Each structure stands twice: as structure tokens, then as C-alpha cells.
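There are 2 protein chains.
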Amino acid sequence: MTLSLGVLYSGGKDSTLAALLLAPFYDVTLTTAHFGVTDDWKHARATAESAGFDFERLQLDPGVATEAVERIRDDGFPRNGIQLVHEHALERAAEAGYDAIADGTRRDDRVPTVSRAQAQSLEDRHGVDYIAPLSGFGRGAVDRLTESRLDVTAGPSEEIPRADYEAELRTIIAEEDGEEAVRGLFPDHVQTHVTRVR
Amino acid sequence: MTLSLGVLYSGGKDSTLAALLLAPFYDVTLTTAHFGVTDDWKHARATAESAGFDFERLQLDPGVATEAVERIRDDGFPRNGIQLVHEHALERAAEAGYDAIADGTRRDDRVPTVSRAQAQSLEDRHGVDYIAPLSGFGRGAVDRLTESRLDVTAGPSEEIPRADYEAELRTIIAEEDGEEAVRGLFPDHVQTHVTRVR
């Protein structure tokens with residue numbers, strides 16, 4: 001019997017590679033977690049479907065978005081707020097009934113991170129395997145795999161269609177505090193969106 | 199062009215799964231590092247060939263075996279000695295000309311471990327990607343993958359044919375200090391040897 005796996009999916013290169021690495025071993029569903037603030041999850045669905053993966057949406061608690069936005073305003077930078085949302089998304093994915101869940105966190109990521117203790121706790125509390133297939137890959141290996149298997153568009157966050165938590169958090173802050181506030185809180189950051197899996 | 203990858207290979211389940219995870223993305227050679235103390239590397243070769251992988255031996259410096267054995271005697275336990283040998287084997291593999299190298303270290307392993315800083319240093323000094331594909335897998339996920347893809351024999355270290363460093367270090371200590379010394383220094387430990395990849 002093939003084990004079911006839900007991969008937290010943004011449509012970016014990391015979560016796409018995570019899915020490709022595990023696809024020979026699991027029955028993979030790409031799962032995009034969102035607060036219902038924007039329709040950006042549709043970009044992830046388009047990539048998932050063009051790559052032949054099953055796709056599901058995972059509804060997050062809007063209260064966590066509020067908490068994350070407050071945290072980002074207080075900190076003056078997004079790291080801890082995004083970490084908060086990722087931990088919530090992992091909890092929701094772990095409750096969704098898959099045998100295993102995965103994400104695209106890499107060895108060199110500063111955020112989100114999932115410690116060994118957090119991983120073990122998630123597994124023990126939910127009876128699920130948590131897998132971070134890219135956590136043993138450095139930036140160079142990820143770049144070379146991307147080049148060999150994916151077509152991507154890359155650019156500043158505000159120009160790239162994607163479905164990560166940051167997009168919704170930025171939208172909330174833009175609506176409440178204005179675009180200038182977003183530019184002040186979120187550092188310039190190149191995002192990728194996968195347009196095709198080869 | 200497919201990238202070449204050398205996987206440090208013992209014939210056990212972890213290094214076999216590491217190879218299977220990366221095989222769709224790299225031109226994989228299973229590489230068994232040894233000191234030339236025993237012929238145990240042939241067990242790894244047999245498994246590698248039956249699974250259809252290319253196989254190479256990697257000659258380690260016998261001076262490192264001497265150093266590791268001294269460390270194990272001084273410590274009274276094998277952990278640091280085995281770590282020493284693994285770091286040496288990674289250096290040798292990194293010099294062997296592959297585009298990337300990998301090992302079977304898992305999230306929950308206490309030994310060997312490769313820190314993020316060690317990985318980065320290895321990559322920077324040798325111009326090679328270092329990948330630990332199982333470092334994001336816990337024990338449960340590894341056990342379930344093993345069950346679905348591998349036939350294994352499992353038992354106490356002294357009864358299982360295998361080609362890890364421990365086997366050669368145990369042999370050296372047995373020859374120099376007697377079997378009783380081996381039992382005193384190495385805790386009871388279940389080893390696996392892969393007999394077939396499905």
C-alpha cells in the first residue's frame with residue numbers, strides 16, 4: 001500500500017523539488033495553506049496541475065494571520081511572524097489525515113525552520129511522519145536541481161505570482177498600513193515561481 | 199548533463215535509501231570507504247550490484263583507523279572514533295571528482311553527524327555539493343520506506359555482514375585487544391544489511 005503524503009506547497013522551487021524527491025515513494029498531494037485573504041493559491045494549483053500532482057487547499061486560522069501581522073509590526077521584520085504561520089500550517093497539515101507530511105525547508109533556510117524537537121513533537125502528537133526532504137541540501141545542490149528539472153520565473157516578491165504565507169501577510173499589511181509599510185518591513189527578496197516541471 | 203553523485207555506502211538501509219532518493223536526479227555511484235582491514239566491502243558491492251548501481255571502493259588512510267581506535271579505547275565508547283572516520287571518508291569522497299557526494303545520516307542519528315557548518319566547509323573547500331537526503335527523515339519515516347522498498351536482514355553487529363567503518367574498527371580492536379574488549383567498548387546495536395531493493 002502506498003503511503004499518502006501532503007506537501008506544504010507554495011508553487012516555488014523548494015516545495016516543488018521536495019515533492020519531486022518524494023513522489024517515487026509516496027502518493028503525493030500538494031497542499032497550499034492559506035488564510036483566504038487572496039486568490040494567490042490558484043498560482044500554486046496551476047503549477048501543481050501542470051506537473052500532474054493532486055492538489056488541495058488547507059484553510060488556516062485567520063486569527064493566526066492577525067497574530068503574525070502584529071508580530072511582524074512589533075519586530076520590524078517578518079521572520080518570526082512567518083515562522084508562526086509555518087508552525088500553524090504544519091499543525092493543520094498534520095491533522096489532515098495524511099500518513100506523512102513534508103515541506104520545502106532547506107539546510108540554509110533561516111525561516112521557516114523546524115527543529116529536531118519540533119519535528120518529533122509533531123510526529124508524536126499527530127501520529128504522522130514529518131519529512132523535510134531538502135533539509136540535507138545546500139543552496140548549490142538546490143540551484144543545480146532546479147536548473148536541471150524546473151522552469152522558473154524569478155524576481156522581487158511583489159512581482160512574482162506565488163502562494164506562500166508572505167504574500168497574504170503582505171496583503172494584509174498593505175491594506176491596513178499602506179504599501180510603504182510593506183516595503184519597510186519586508187526586505188528585498190527574490191522569489192521564484194515554478195512555471196514548468198521537466 | 200546528468201550530475202555525478204558518490205554515495206558513501208555501507209550496504210545498510212540508510213545509505214541504500216539515500217541512494218534511492220537521489221537516483222532519479224543524479225548519476226549515482228555507491229562508494230564504500232574502507233581501510234583494507236577486512237573484505238567486508240564485498241557485502242556492500244553485492245547489494246549495490248543487485249540493485250543495479252555502479253560501485254566503487256574508496257581507500258581510507260590507515261593512520262585514521264589507528265587514531266580512531268585509540269580514541270575509542272580512551273573514551274570507552276565508539277562515538278567519537280566513528281565520527282572521526284566519517285569525516286575522513288567525506289573528505290576522501292569530496293576529492294574523488296564527483297559533482298556531489300551524499301551519505302545516509304538521518305535526523306535522529308547521534309553518530310555520525312555533519313553540522314551545517316561542516317557541510318558548508320566541505321562544499322567550499324572541494325567545490326562539491328554535499329547532500330544528506332535522509333537528514334529530514336525521522337526514524338518512523340525511514341522504517342516505513344525500508345518496509346516498502348527493501349528486504350533486509352537485521353541482528354547484532356557481529357552477526358550481520360556489512361561494510362561500515364565500525365566493522366573494520368571492531369576487527370582491529372579484536373585482533374589487538376581480544377573479543378572481550380570489543381564487547382566492552384561497543385554497545386549492543388542492531389545493524390541492518392540490505393539483501394534486495396524492490
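The listed protein sequences derive, respectively, from chains A and B. The numbering of the first sequence is our numbering, which starts it at 1 and goes up by one. The numbering of the second sequence is our numbering, which starts it at 199 and goes up by one. Glycine included, every Cβ here is placed at the ideal spot set by N, Cα and C. As the structure is a computational prediction, the values presented were derived from the model and not from experiment.
>> In chain order, what are the residue ranges of uninterrupted beta strand (DSSP E) at least 3 long that sit wholly in the segment 98-127 of chain A?
In response: Runs of the beta strand (DSSP E) inside the segment 98-127 of chain A: 100-102.
> So A:Leu90 and A:Asp14 are in contact, right, with Cβ under 8 Å, and what is the actual spacing, rounded?
Replying inline: For A:Leu90 against A:Asp14, the beta-carbon gap comes to about 15 Å, at or over 8 Å, which does not count as contact.
> What's the C-alpha gap between A:Gly76 and B:Ala217?
Replying inline: Going by the C-alpha atoms only, they are around 43 Å apart.
> Using a beta-carbon distance cut-off of less than 8 Å, what residues from the segment 114-139 of chain A approach chain C?
Replying inline: Structure shown: chain C not included; protein chains present are A and B.
>> Can you tell me where the alpha helix (DSSP H) holding B:Thr369 begins and where it ends?
In response: Per DSSP, B:Thr369 belongs to the alpha helix (DSSP H) from Tyr363 to Asp375.
>> With H, G and I counted as helix, E and B as strand and the rest as coil, what does DSSP make of B:Ser202?
In response: Secondary structure of B:Ser202 (DSSP, three-state): strand.
> Under the DSSP definition of a beta bridge, which residues are partnered with A:His34?
Replying inline: According to DSSP, A:His34 bridges with A:Gln59.
> Short check: CB of B:Val205 to CB of B:Leu219, under 7 Å?
Replying inline: Taking 7 Å as the cut-off, the beta carbon of B:Val205 is found no closer than this to the beta carbon of B:Leu219.
>> Can you tell me whether B:Leu332 is helix, strand or coil according to DSSP?
In response: Coil.
> Considering only C-alpha positions, which residue in the set B:Arg342, B:Arg277 and B:Gly209 is nearest to B:Ser248?
Replying inline: Nearest Cα to B:Ser248 within the set B:Arg342, B:Arg277 and B:Gly209: B:Gly209.
>> Assuming A:Ala154 is part of the alpha helix (DSSP H), what are its boundary residues?
In response: In the DSSP annotation of this structure, A:Ala154 is not part of any alpha helix (DSSP H); the continuous beta strand (DSSP E) holding it starts and ends at Leu150 to Pro156.
> Just checking my contact of B:Asp297 with B:Val262 at CB under 8 Å: how many whole Å lie between their CB atoms?
Replying inline: With 8 Å as the limit, B:Asp297 and B:Val262 do not qualify as a contact, their Cβ atoms being about 25 Å apart.
> Can a CB atom of chain B be found closer than 7 Å to the CB of A:Arg79?
Replying inline: By this cut-off, A:Arg79 is not an interface position.
>> Within the continuous beta strand (DSSP E) that includes B:His391, where are the two ends?
In response: In the DSSP assignment, B:His391 falls within the beta strand (DSSP E) that extends over Val388 to Val395.
> Any Cβ of chain A within less than 7 Å of the Cβ of B:Leu343?
Replying inline: Contact of B:Leu343 with chain A is assigned, a C-beta pair being separated by under 7 Å.
> For A:Thr199, which residues from the same chain have a beta carbon less than 7 Å from its beta carbon, with the 5 sequence-adjacent residues on both sides left out?
Replying inline: Residue 199 of chain A cannot be examined here, being either before or after the span of chain A that is shown, 1 to 198.
> Going along chain A in order, which residues have a C-beta closer than 7 Å to the C-beta of B:Ala298?
Replying inline: Within chain A, the residues placing a beta-carbon under 7 Å from that of B:Ala298 are Ala141, ordered along the chain.
> Which of helix, strand or coil does DSSP assign to B:Asp238?
Replying inline: Coil, per DSSP.
> Does the beta carbon of A:Phe25 sit closer than 7 Å to a beta carbon anywhere in chain B?
Replying inline: In terms of beta-carbon proximity, A:Phe25 lines the interface with chain B, with at least one pair separated by less than 7 Å.
>> Closer than 9 Å between beta carbons: that is the criterion. Which residues of the segment 254-277 of chain B meet it against chain A?
In response: Per Cβ criterion, the list is empty.
> What number of angstroms, rounded off, separates the C-alpha of B:Asp252 from the C-alpha of A:Arg57?
Replying inline: The straight-line gap from Cα to Cα measures roughly 42 Å.
> Under 6 Å from any heavy atom of the ligand ADP, does the C-beta of A:Val64 make it?
Replying inline: Absence of the ligand ADP from the depicted structure is noted, as is the absence of any ligand whatsoever, leaving it without description.
> How many Å lie between A:Lys42 and A:Arg183 at the Cα?
Replying inline: As the crow flies, the alpha-carbon of A:Lys42 is around 24 Å from that of A:Arg183.
>> So if I threshold CB-CB distances at 7 Å, which residues from the segment 199-224 of chain B count as touching chain A?
In response: Under the 7 Å Cβ criterion, the segment 199-224 of chain B contributes Leu201, Leu219, Pro222 and Phe223.
>> So A:Arg183 contacts chain B; which residues on that side make the cut at Cβ distance below 9 Å?
In response: Those do not exist, as A:Arg183 stays about 31 Å from chain B at its closest Cβ, beyond 9 Å.
> Taking Cβ-Cβ distances shorter than 8 Å, what residues in chain A pair up with B:Arg396?
Replying inline: Within chain A, no residue comes near B:Arg396; the closest Cβ sits about 12 Å away, beyond 8 Å.
> At what residues does the alpha helix (DSSP H) containing A:Gly81 begin and finish?
Replying inline: That run of the alpha helix (DSSP H) goes Arg79 to Ala94.
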